[in-house]
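First the structure, in the form of structure tokens, and then the observations on it.
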Amino acid sequence: MERDDIIEYSLNHDAQGNVIPLHDEEAGKGIRSKILKVTLLLTIITVAEVGMGAFIKQGTSIWPIVKWSFVVMTLVKAAYIVLVFMHLGDEKKSMKYVILVPYILFILYLIFIALTEALAVGHSWFTYG
Amino acid sequence: MAGHATQQIDASTLWGGKISPFSTSYGKLMMWFFLVSDALTFGGLLVAYGFTRHDAQDAWPIGEETFNSMPFLGHGYPLLYVALMTFILIVSSVTMVLAVEAGHRLDKKGVIKWMIATIIGGFFFVGSQAWEWSHFIHGSEFGKVELADGSQAIVKGHFGELENFIVVEAGKHHKKGDVITEDLMHDYQHAVEKGNINDGIITLHDGSKAKVNKKADEHMMLIIKKDGKSHKVGDKIEGKAACDQYYEAINSGQSGRIIYGANLKQNEYGPQQYGQFFFFITGFHGFHVFSGVVINIIILLGVIAGTYHKRGHYEMVEKTGLYWHFVDLVWVFVFTFFYLI
Chain U
758 MERDDIIEYS LNHDAQGNVI PLHDEEAGKG IRSKILKVTL LLTIITVAEV GMGAFIKQGT
818 SIWPIVKWSF VVMTLVKAAY IVLVFMHLGD EKKSMKYVIL VPYILFILYL IFIALTEALA
878 VGHSWFTYG
Chain X
2 MAGHATQQID ASTLWGGKIS PFSTSYGKLM MWFFLVSDAL TFGGLLVAYG FTRHDAQDAW
62 PIGEETFNSM PFLGHGYPLL YVALMTFILI VSSVTMVLAV EAGHRLDKKG VIKWMIATII
122 GGFFFVGSQA WEWSHFIHGS EFGKVELADG SQAIVKGHFG ELENFIVVEA GKHHKKGDVI
182 TEDLMHDYQH AVEKGNINDG IITLHDGSKA KVNKKADEHM MLIIKKDGKS HKVGDKIEGK
242 AACDQYYEAI NSGQSGRIIY GANLKQNEYG PQQYGQFFFF ITGFHGFHVF SGVVINIIIL
302 LGVIAGTYHK RGHYEMVEKT GLYWHFVDLV WVFVFTFFYL I
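Going down the list, the sequences are from chains U and X. Residue numbers 758 to 886, in the numbering used here, belong to the letters of the first sequence in order. Residue numbers 2 to 342, in the numbering used here, belong to the letters of the second sequence in order.
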């Protein structure tokens, strides 16, 4: 009996039934150069983050800008990892949305409600504690 | 890259219901669902960290002050070590995606090569984290000090080396006049924590008393982290005043004035919860990395044995790759919210 549990996605076969790779050496070159570009980008962002973190002190007047740029840079890094390294960018649109939309909605809500609550708790400690 | 998403799917690979949702395989979709749930766990942990930080009354530790050491090099390298760890993890993520790409070309040798590189990177990361934990637990040479006015401060500067202890009053093991040169730092910090130092005289484990010979500290600076009667958070005390106030605490003979390192009850870096979150979040992530390395090794054995080549595709490598990239993804967020901000 044919094992249908181990055949996990489509295999391309030629007329003789030989397996054809998902992409050939030529396409592989393009993919590898894309990986290299993304690697460089992630490295540059990380270096920039560390430089800013090490040289700009918390509490200075530009710190809020630095802080928010950390958040933006982190999201850029995350987007490249998910869309390129994890190939989510190449999946069907419907699948992308099924993965990303519920997560993003939930996390935004959680951040909003938790930080609002934390500020209120901190305030009441400050006032009545 | 995952070009198969748009390919025609032959009848043998359709799911049980004769249809393949999203034109993707069952295994990959389930891996994605697992990763979403795992991401919710980490999201919850980081949000809880943010909650605690927002409602904390005391000053929260600053990453570049807390993590500024390098193995073999000592202090004064803010965030460099953790940047190195981040870079190691990014590189191992890249080698993983190269293994997946080699798999698409059915290039068995390429898959083996890149997976081995990934596993080595994973071990390096876990090892780095072990060093980081050990450093965090043992703490700095100065520790955190509670000053005479009740304020608390972290201490920066160069710690003058301990030279020896000269016994002035005999105990169970040491005779008067003995010169002790071993395990000085350990005994010294232990005595400081217990309040067993009075005016430069240390009381050792065996009850003997000894004079502490120590080189002078240099460039000492106290940074106030908790308000006291005369100092406010953010104040900096330098030079002789710093030395005087620090050694007043050391020589006070009171226990608990100085704290070294971290455990689950207290730590020298900041509020109690800070240490707990550090151990839990980086520990949970480190455990994920460790599991990832183990899974990668298992899949590598499968690749070497030719299991996936016979199958005609390397989807198992893709799936373990998804997990490995996810671990990298989590670290990107932990790095930002724990170390940078």
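Using N, Cα and C, we set each Cβ at its ideal position, and we do this for glycine too.
For residue i versus residue j, is the C-beta spacing smaller than 8 Å?
i             : j             : result
residue 331/X : residue 124/X : no
residue 317/X : residue 305/X : no
residue 275/X : residue 61/X  : yes
residue 341/X : residue 827/U : yes
residue 226/X : residue 271/X : yes
residue 113/X : residue 297/X : no
residue 778/U : residue 105/X : yes
residue 150/X : residue 230/X : yes
residue 816/U : residue 102/X : no
residue 166/X : residue 181/X : yes
residue 881/U : residue 23/X  : no
residue 157/X : residue 224/X : yes
residue 228/X : residue 878/U : no
residue 146/X : residue 261/X : no
residue 279/X : residue 137/X : yes
Quick one: is residue i buried, meaning 16 or more other Cβ sit within 10 Å of its Cβ, or exposed?
i             : result
residue 805/U : exposed
residue 29/X  : buried
residue 242/X : exposed
residue 873/U : exposed
residue 79/X  : buried
residue 885/U : exposed
residue 153/X : buried
residue 220/X : exposed
residue 36/X  : buried
residue 328/X : buried
residue 854/U : exposed
residue 268/X : buried
residue 108/X : buried
If the cut is a Cβ gap below 9 Å, which residues of chain U does residue i touch?
i            : result
residue 58/X : 879, 882, 883, 886
residue 91/X : 796, 799, 800, 803, 834, 838
What in chain U is Cβ-close to residue i, meaning under 7 Å?
i             : result
residue 342/X : 824, 827
residue 65/X  : 810, 811
residue 87/X  : 803
Shorter than 8 Å from the beta carbon of residue i to some beta carbon of chain X?
i             : result
residue 867/U : yes
residue 854/U : no
residue 785/U : yes
residue 803/U : yes
residue 836/U : no
residue 875/U : yes
residue 817/U : no
residue 864/U : yes
residue 792/U : yes
In chain X, which residues lie with their C-beta within 9 Å of the C-beta of residue i?
i             : result
residue 776/U : 107, 313, 314
residue 872/U : 48, 51, 52, 55
Counting contacts by CB-CB distance shorter than 8 Å, is residue i in contact with chain U?
i             : result
residue 329/X : yes
residue 239/X : no
residue 94/X  : yes
residue 332/X : no
residue 335/X : no
residue 79/X  : yes
residue 154/X : no
Counting only Cβ pairs nearer than 8 Å, list the residues of chain U close to residue i.
i             : result
residue 138/X : Ordered by position in chain U, no residue passes the 8 Å Cβ test against residue 138/X, which lies about 23 Å from the chain.
Would you mind working out which of the options sits nearest residue i, comparing C-alpha positions?
i             : options                    : result
residue 187/X : 140/X, 255/X, 41/X         : 140/X
residue 841/U : 781/U, 780/U, 776/U, 790/U : 790/U
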